[in-house]
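S.K.: Numbering (my numbering), first residue to last: 265 to 838. Quick one: the structure is below, questions incoming.
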């Protein structure tokens with residue numbers, strides 16, 4: 265063969281092995297084979313021109329093969345004469361009776377099925393692109409490895425047009441973006457978040473919000489500020505450099521400024537300075553939601569069973585449909601679908617028959633639990649798959665269990681932590697003692713809003729809480745210091761408390777351990793606010809009281825001098 269013949273043979277060989285380069289610039293960029301709900305009218309395939317020049321779609325076909333029957337290809341769409349796709353542009357092929365947005369350039373029957381299956385682009389005998397997905401094993405139906413598939417998520421090249429020749433590495437699962445870029449240069453996704461505590465019942469309580477974010481864009485975020493916005497207030501933190509495909513954890517501590525279900529917004533200035541990325545990861549319930557946890561029995565007596573009492577948080581009846589309850593280690597369980605009116609109680613029980621038996625036994629012994637038997641059992645139901653409340657901490661957490669109550673939108677609207685420093689409970693040595701809520705919102709910003717039941721029965725399921733009936737209104741009453749010791753220079757003590765809400769006045773007296781009045785420190789009726797009284801250890805006659813133990817009794821009054829509550833503290837004089 266002469267030299268020219270050899271060259272012509274090499275050229276012919278090259279043309280056979282490598283198809284026209286312009287054909288390979290057309291790729292399947294994104295497709296949705298398994299939409300949420302029914303597939304009809306929701307599937308789509310997006311083509312993309314990765315080349316630098318306009319491409320003709322004439323004669324280009326989209327084909328499908330069912331993994332159950334192997335590489336038997338069926339035509340789904342073929343480009344017509346005069347159809348061109350410009351460089352960097354997309355061509356959207358949508359399923360017949362398309363329900364999505366935007367409208368496609370072509371509407372055909374796609375029938376992609378949910379894997380293991382494959383799609384490909386061909387022109388004549390040349391395969392321009394091939395994508396296998398699902399649990400494929402046939403090498404003729406994929407490039408190296410099949411792409412992973414999941415319901416409701418697209419298989420998307422990241423970045424757009426990337427083609428390494430391996431389906432699994434080229435395609436990632438993502439939210440569908442038909443006719444639009446698969447991923448933006450700068451984009452963040454929320455991986456996880458945590459509120460500690462999950463809800464708050466007062467404005468004075470600090471909250472830690474921890475956010476874990478993922479850079480699902482194609483560019484690196486430089487070091488810069490990241491803001492948390494809550495009810496118009498902004499709290500700043502710092503975002504370290506975040507390359508694509510990496511995660512970062514950021515925390516803020518803040519105090520909620522108002523009551524209500526507050527949306528938490530996270531703002532990240534766009535690195536290009538053109539915009540601000542806004543994430544809406546979570547909401548925080550501050551104060552009462554539409555429903556409240558009101559009483560919890562986590563350590564029942566033998567045969568009583570665990571239960572949780574729920575009340576309406578506001579002044580209007582609540583449809584319980586869509587509301588859910590769970591504990592720390594369990595899954596959400598729906599509340600029964602009926603309407604709860606203000607003043608009514610819903611008791612969801614591990615065993616409602618056992619709870620009814622416990623109530624009847626108490627009635628037989630003369631203990632009524634604060635209300636009539638008819639009202640007590642009005643809304644008492646079993647909860648399917650009871651979560652079984654823990655009473656001692658497990659693993660690395662510092663609490664035994666935690667109850668969560670959610671609204672129909674999935675927002676946590678109330679919670680109670682059990683078996684920790686923030687929520688006292690009877691424990692295994694004192695079974696049958698429930699934990700009761702004092703009030704919808706704490707009357708004292710510094711005190712717990714939960715207390716052990718004081719009723720003879722140990723709990724009040726379906727009835728008003730014993731601590732509420734007793735008028736127990738915590739004021740943060742303290743004695744500082746608890747020990748008066750003149751010999752070392754401690755010759756006075758401070759009695760400190762605060763009045764809130766309907767509290768208007770107070771009276772304070774000091775008694776010895778035999779109940780004899782030692783000193784009457786008087787009182788006032790000046791309304792809400794803090795009080796700080798000083799006692800020098802002298803009795804009502806001006807004489808030193810002498811060493812010993814003393815009981816300090818504080819009585820809280822309303823505006824008409826009616827007693828609302830009594831609180832006691834102990835102290836010692838050396």
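Don't be surprised by glycine CBs; every beta carbon is placed ideally from N, CA and C.
Sort 705, 291 and 336 by Cα distance to residue 550 and report the nearest one.
M.R.: Here the closest residue by C-alpha is 705.
S.K.: Should the segment 658 to 672 be regarded as contacting the segment 717 to 732, the criterion being three or more beta carbon pairs within less than 8 Å?
M.R.: No contact exists between the segment 658 to 672 and the segment 717 to 732.
S.K.: Compare the Cα-Cα distances from residue 333 to each of 649, 674, 480 and 400 and report the closest residue.
M.R.: Taking only the C-alpha atoms, the option nearest residue 333 is 400.
S.K.: Among all the DSSP beta bridges, which residues are the ones paired with residue 488?
M.R.: According to DSSP, residue 488 bridges with 503.
S.K.: Could you spell out the range, first to last residue, of the beta strand (DSSP E) harbouring residue 623?
M.R.: No beta strand (DSSP E) contains residue 623, which is instead part of the alpha helix (DSSP H) from 616 to 628.
S.K.: Among 654, 760 and 426, which has the Cα closest to the Cα of residue 592?
M.R.: Among 654, 760 and 426, the Cα nearest to that of residue 592 is on 654.
S.K.: What beta strand (DSSP E) runs, 3 residues minimum, are completely inside the segment 571 to 615?
M.R.: DSSP runs (the beta strand (DSSP E)) wholly in the segment 571 to 615: 571 to 576, 588 to 591 and 609 to 613.
S.K.: Suppose you measure from the CA of residue 512 to the CA of residue 457; what does that come to, to the nearest Å?
M.R.: Using only the alpha carbons, I get a separation of about 11 Å.
S.K.: Three-state secondary structure (DSSP) at residue 404?
M.R.: Residue 404: helix per DSSP, three-state reduction.
S.K.: Could you check whether the Cβ of residue 343 sits closer than 8 Å to any Cβ belonging to chain D?
M.R.: Among the chains of the structure shown, chain D does not appear; only one protein chain is present.
S.K.: Residue 758 bridges to which residues according to DSSP?
M.R.: Paired residues: 744 and 798.
S.K.: Distance, Cα to Cα, residue 567 vs residue 789?
M.R.: Approximately 49 Å, taken between the alpha carbons.
S.K.: Please report the straight-line C-alpha distance between residue 221 and residue 827, rounded to a whole angstrom.
M.R.: Any answer about residue 221 is impossible in this case: the structure gives the chain only from 265 up to 838.
S.K.: Could you name the residues of the same chain whose beta carbon sits closer than 6 Å to that of residue 585, not counting the 5 residues immediately before and after it, in chain order?
M.R.: 601, listed in sequence order.
S.K.: Please list the terminal residues of the continuous beta strand (DSSP E) segment that includes residue 432.
M.R.: Residue 432 -> not in any beta strand (DSSP E); alpha helix (DSSP H) instead, spanning 431 to 434.
S.K.: According to DSSP, is residue 418 helix, strand or coil?
M.R.: In the structure shown, residue 418 sits in a strand (DSSP, three-state: E or B).
S.K.: Hey, quick one: how far does the beta strand (DSSP E) through residue 338 stretch, first residue to last?
M.R.: Here the beta strand (DSSP E) through residue 338 covers 338 to 342.
S.K.: Looking only at its chain, what residues have a beta carbon closer than 8 Å to the beta carbon of residue 335, apart from the 5 residues adjacent to it on each side?
M.R.: 329, 382, 402, 404 and 405.
S.K.: If distances are taken between C-alpha atoms only, which option among 758, 821, 703 and 785 comes closest to residue 731?
M.R.: Nearest option by C-alpha distance: 703.
S.K.: Please classify residue 418 as buried or exposed, where buried requires at least 16 neighbouring CB atoms within 10 angstroms.
M.R.: Buried.
S.K.: According to DSSP, is residue 716 part of a helix, a strand, or is it coil?
M.R.: Three-state result, residue 716: strand.
S.K.: Between residue 825 and residue 766, what straight-line distance do the alpha-carbon atoms span, to the nearest angstrom?
M.R.: The alpha-carbon atoms of residue 825 and residue 766 are separated by roughly 11 Å.
S.K.: Can you tell me whether residue 491 sits near the ligand MN, meaning its C-beta is under 7 Å from at least one heavy atom of the ligand?
M.R.: Because no ligand of any kind appears in the structure shown, any question about the ligand MN cannot be addressed here.
S.K.: Inspect the beta-carbon positions of residue 372 and residue 341 and report whether they are closer than 8 Å.
M.R.: Yes, the pair counts as a contact, with Cβ atoms nearer than the cut-off.
S.K.: Let's see if you can read the secondary structure: which residues bound the beta strand (DSSP E) around residue 523?
M.R.: Segment: none, residue 523 is in no beta strand (DSSP E) and carries neither H nor E.
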